[in-house]
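*Asks:*
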Amino acid sequence: MSVREDKVDNKHKAGDLYDSEDDDNRERAVQWFCGSTTAHGIPHAFEEGSHPVRRALWVIAFVFSLSLFIVVVADKLSTFFLFEKSTAISISFTSRMEFPWVTLCNVNIFQCDKLPGDHFNECSTPSASLDELGYRYPQLLNMTFKESLLQYSETLLDFIPYCEYKGDVCDPSSVVETFDIDYGRCYTFVPPVGQTISRPGEKDKLLMILNIQSDRYLGLQPNSGAKMVVHNANVPPIPNTGIALKPGSLTQVAIARREIVSINNEDCYFDIFGSLSKSCEDLPLNVSYSVSQCYRDCEGTIIEQYCNCTAAGYVSSTNPSLPECKLSDFSCMDAVRSYFDEHDEAVAECNCLERCNVVEYLGTPSSFNYPAPSYAKHFLSTAFPDSDAIDFEQDAIILEVFFRDLNSEIVKESWSYTPTSLLSDLGGNMGLFVGFSILTLFELAEFFVRCCMAARHGKRGDKFRQKKAAQVVPSSSATQ
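Under this note's numbering, the residue at position 140 of the sequence shown is numbered 1391, and the numbers go up by one with no gaps.
(1) Buried or exposed for L1408, please, with buried defined as at least 16 other CB atoms from any protein chain shown within 10 angstroms of its CB.
(2) Residues in its own chain within less than 6 Å of V1610 by CB, not counting five upstream and five downstream?
(3) When you compare each of V1358, K1577, R1508, I1489 to Q1472 by their alpha carbons, which one comes out closest?
(4) Compute the Euclidean distance between the alpha carbons of N1559 and L1573, then round it to the nearest angstrom.
(5) Is there contact between the region 1397-1413 and the region 1599-1615, where contact requires at least three CB pairs shorter than 8 Å?
(6) What is the C-beta distance between S1513 and E1605, in whole angstroms, given that I count them as a contact (C-beta under 8 Å)?
(7) May I ask you to report which of helix, strand or coil DSSP gives G1678?
(8) What does a CB cutoff of less than 7 Å around E1335 pick up in its chain, not counting 5 residues either side in sequence?
(9) Could you check which residue in P1487, P1670, G1686 has the C-alpha nearest to that of S1539?
(10) So L1355 is in the beta strand (DSSP E); what residue range does that whole segment cover?
(11) Taking only three categories from DSSP, how would you classify E1398?
(12) Taking 8 Å as the cut-off, does the region 1649-1657 touch the region 1309-1316 (at least 3 CB pairs, one atom from each stretch)?
(13) Per DSSP, what kind of secondary structure is G1551 in: helix, strand or coil?
(14) So, does the region 1673-1693 touch the region 1289-1308, judging by three or more C-beta pairs under 8 Å?
(15) Can you check whether the CB of V1420 is closer than 9 Å to the CB of T1439?
(16) S1543: which of Q1556, K1365, R1508, C1601 sits nearest, CA to CA?
(17) Which residues mark the beginning and the end of the beta strand (DSSP E) in which D1656 is found?
(18) Near F1430, which residues of its chain fall below 8 Å by C-beta distance, leaving aside the five closest residues on each side in sequence?
(19) Just to confirm, does N1559 get its C-beta within under 8 Å of one of the non-hydrogen atoms of the ligand HEM?
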């Protein structure tokens, strides 16, 4: 054998050496993992010297357990991605509570005897609509709704001649004026800042005497009485959702505070005073957000688009340059509001989200016939000293509002299946079915590292063989 042939033979032997080393590295990595892993079943399935039947049974058992584990994991993941919610109700007790705001509205918008002209004395004569009033009194058509309310509706002292809070006469500044598109001029009692309620029941209460003056009702008004809404501070009242108050009675309203906390999953709105809701981004709200007010403002936006005016009773306006709606615009406004009420798709387009944190007051009303016949004369002389012609059964309402309990019901929403629960279930089932743990995952990681190192070593062997083969071919040709 020549020297050149001897070198070629040595190079082939070196290549074979790399092949054997690659195989040995891979085999050692597999043997190491199968023999030392803490995963159940694998060491038995690949145990050297064990009977083939025993090893086959262990392989079947491991594959079966792994299949069950995969099924359970799929079920847990599908449950997690349903994003189901659960609700927990708890009671929070406190020694003091802030009194809510109370809004009162007379169901009669205009007082008939205040309307202009000498021939409108038929307060009891039915009128078809506000359009008929406009026909009888054309000067009304040129007035805005707010202007007409200020001029032709009842004043604060006419409607609420007496107010008492916690035994003290209410300060006039504690009752503010508001306007509603359905009920006209309303009045909201705002409790003094810093004065809280320390006792439930009738001792710490709001007492109001209302005079609805039913003899001054328009003929188009089918019923008599007042509406009351108990609401959280800075939340615009919606009288349509309030409690009806009947004249000739004492109505007691026991209120309870409830707080609803929802999950912010892009389907509710966390309110910050003065900020905008997702659904009312273009409405410059300057009050605390409520979903009812969002729908009301959405309705007002449609009125602005079709009637080219802004309506009193709506909190916000998208176009401040538009004039305020006049009574002559009411036919257009009524058409828009009727369409809004009758078509669900118009409501859905508002996309008003619920608040993620809602504070509401639930009122339980009860009433008595008041006053008793023997007490009536004394009561009327005390409550209405300046009027000797009050028909209590037709005009007067005694209202008492107080806390039923000094506690707050908290309704809190949470995820039924949290990421922590998912990880816990996956870890438990992984240990139950295949005996895996977090440390086993580290073992798998080390196994893959060893396999990668063996593969990398194999690539180096391939490059060595290719290089030597390229050197062998020219040398052989030269020898020939």
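C-beta: ideal position from N, C-alpha, C; glycine also. Nothing here was measured: the structure is a model prediction, and the numbers come from that model.
*Replies:* Well, looking at it:
(1) Your numbering for residue 1408 matches position 157 in the sequence shown. Exposed is the call here.
(2) In the sequence shown, counting from the first residue as 1, residue 1610 sits at position 359. Excluding residues within five positions, the ones whose Cβ falls inside 6 Å are N1483, E1510.
(3) As a position in the sequence shown, residue 1472 is number 221, starting the count at 1. Comparing Cα-Cα distances from Q1472 to each of V1358, K1577, R1508, I1489, the minimum goes to V1358.
(4) To locate residue 1559, count along the sequence shown from 1; it is residue 308. To locate residue 1573, count along the sequence shown from 1; it is residue 322. Roughly 7 Å separates the two Cα atoms.
(5) At 8 Å Cβ cutoff, the stretches do not touch.
(6) Locating residue 1513 in the sequence shown gives position 262, where the first residue counts as 1. Locating residue 1605 in the sequence shown gives position 354, where the first residue counts as 1. With a Cβ gap of about 7 Å, S1513 and E1605 count as contacting.
(7) Translated into positions along the sequence shown, residue 1678 becomes position 427. DSSP places G1678 in helix when its eight states are reduced to three.
(8) Locating residue 1335 in the sequence shown gives position 84, where the first residue counts as 1. Once the five neighbours on either side are set aside, the close Cβ partners of E1335 are S1667, Y1668.
(9) By 1-based counting over the sequence shown, the position of residue 1539 is 288. Answer by Cα proximity: P1487.
(10) Residue mapping note: residue 1355 aligns to position 104 of the sequence shown, counting from 1. Counting along the chain, the beta strand (DSSP E) containing L1355 begins and ends at 1352-1357.
(11) Indexing the sequence shown from 1 puts residue 1398 at position 147. Helix.
(12) The region 1309-1316 is not in contact with the region 1649-1657.
(13) Here residue 1551 refers to the residue found at position 300 when the sequence shown is read from its first residue. If DSSP states are grouped into helix, strand and coil, G1551 belongs with the helices.
(14) Because the criterion of three Cβ pairs below 8 Å is met, the region 1673-1693 and the region 1289-1308 touch.
(15) In the sequence shown, the residue the question calls residue 1439 occupies position 188. In the sequence shown, the residue the question calls residue 1420 occupies position 169. Contact flag unset, no.
(16) For the purposes of this step, residue 1543 is taken as the residue at position 292 of the sequence shown. Checking every option, the nearest Cα to that of S1543 belongs to C1601.
(17) Along the sequence shown, one-based indexing puts residue 1656 at 405. D1656 -> beta strand (DSSP E) spans 1647-1666.
(18) In the sequence shown, residue 1430 corresponds to position 179, counting from 1. For F1430, where only same-chain residues beyond five positions count, the Cβ hits under 8 Å are F1396, K1397, L1400, R1436, C1437, A1563, G1564.
(19) Questions concerning the ligand HEM fall outside what the structure shown contains, since it holds no ligand whatsoever.
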